[in-house]
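Quick notes on the structure that follows.
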Amino acid sequence: MMSPVTILNARPTRLLSVLALTSALAACAVPSTPAEVKGSAYLTPASPATHDLLELPAPAQRLTVAVYGFRDQTGQYKPNPDSSFSTSVTQGAAALLIKALRDSRWFTPVERESLQELLTERRIVRALDGSQENGQRTAINIPPLAPAEIMMDGGIISYESNVRTGGAGARFLGVGLSTQYRVDQVTVNLRAIDVRTGNILQSVSTTKTIFSYEVRPSVYKFVNFKDLLEIEAGVTNNEPAQLSVKEAIESAVVHLIVQGMKEGQWRLRNEADRNNPIVQNYMKQNETYRSLRTQTAVADPEATSDEVQTAPVTGS
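As structure tokens, this is what we get:
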């Protein structure tokens, strides 16, 4: 029978052991479905706020809204070495807001962000009106642009990096595992403005966290008295910032609808839908602000005496 020393000194056996251990660590560090890294395009994943937005009860009438922009007001840039000129958040938040408003089925967005291009195309069509075609004059009728009843404004107002960080690790007999995490935070503000009077009907701010983590296994071990085995692996997962902005915007739209519904600025098709679980959930979230407002009114009765009174907005 071979002695233990002879087994350790057997080079093929050590090589097989190293390969087996390396494969095991690689299996722990690499995602189980690497095919997803390189695949075909797909629709943007839905968030919990997306489901709430799509499941809202129907309104009495849709309101026509205009979105001129939804700017990044944070002034934040990605840290080096990622990029010195790339912003931390998306610059296309207006497109996310327009889609959220349309998906809610409470609003009908009209094009305002590319208004100049739209007007140019309409002038081209008018220039063709009355042109000769096969000896006959063709008449092209262009309906007027739809005016908006409400203007949506706001922006991404805050992006905070490293709001919370942490980690943990352990090592035993040269085999270890460590993990780190980081939490960032993005805040958006959305307000609805009555086009007739300029009054701000509702203003909502929502905050979404951005979670990132890293898992790193390692081996630092002598396989015999002179051969050292050292292996490191790791996997990271970074929540996309644009998906967090998208969820914050969708949540802001739902909150704005529920608050306006509660204050009578827009109405449900069926008043019994006020008991909808989604509506009730968002109303409960608003109770915190309502209680603070009540406490302020009790402490200073004149603080709310000059509030602007707004009439309900009727859809077209």
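For reference, each letter of the sequence shown is one residue, going -29 to -1, 1 to 287 in mature numbering (1 follows the signal peptide of the UniProt record, and there is no 0).
Glycine residues also receive a C-beta, built at the ideal position from the N, C-alpha and C atoms.
M123 is not a Cβ neighbour of L86, given a cutoff of 8 Å.
Membership of T58 in any alpha helix (DSSP H) is not indicated, and neither H nor E is assigned to it by DSSP.
With respect to I127, D43 sits close: the two C-beta atoms are nearer than 8 Å.
Using a C-beta cut-off of 8 Å, the stretch 215 to 231 makes contact with the stretch 13 to 20, since at least three inter-stretch Cβ pairs fall below that distance. Per DSSP, reduced to three states, the secondary structure at Q47 is coil, with no helix or strand assignment.
For the 8 Å CB-CB criterion, V154 and V190 do not form a contact. Considered as a whole, the stretch 93 to 146 harbours 121 to 143 as its complete beta strand (DSSP E) runs of no fewer than 3 residues, in chain order. Looking at the DSSP output, F78 bridges to L34. Between the beta-carbon of F78 and that of L34 there is about 5 Å, and that keeps the pair under the 8 Å contact cut. Of the other Cβ atoms in all chains shown, 16 or more fall within 10 Å of the Cβ of T177; this residue is therefore buried. A direct Cα-Cα distance of roughly 11 Å separates L227 from E234.
In the DSSP assignment, T207 is bridged to E185. Distances from the CA of V229 to each of G46, T168, Q256, L89 were compared; the closest alpha carbon is that of Q256.
The shortest C-alpha to C-alpha distance from A117 to any of V36, P248, A12 is the one to V36. Counting every other CB atom within 10 Å of its CB across the protein chains shown gives Q173 a total of 16 or more, marking it as buried. A direct Cα-to-Cα measurement between T150 and M254 gives close to 38 Å. Under DSSP, R153 shares a beta bridge with T136, S183. Cβ atoms of G40 and E82 stay farther apart than 8 Å, at about 12 Å. In the same chain as S132, and ignoring 5 residues on each side of it, the C-beta atoms closer than 7 Å to its own belong to D155, in chain order. Within 10 angstroms of the beta-carbon of Q236 lie 16 or more other beta-carbons, which makes it buried.
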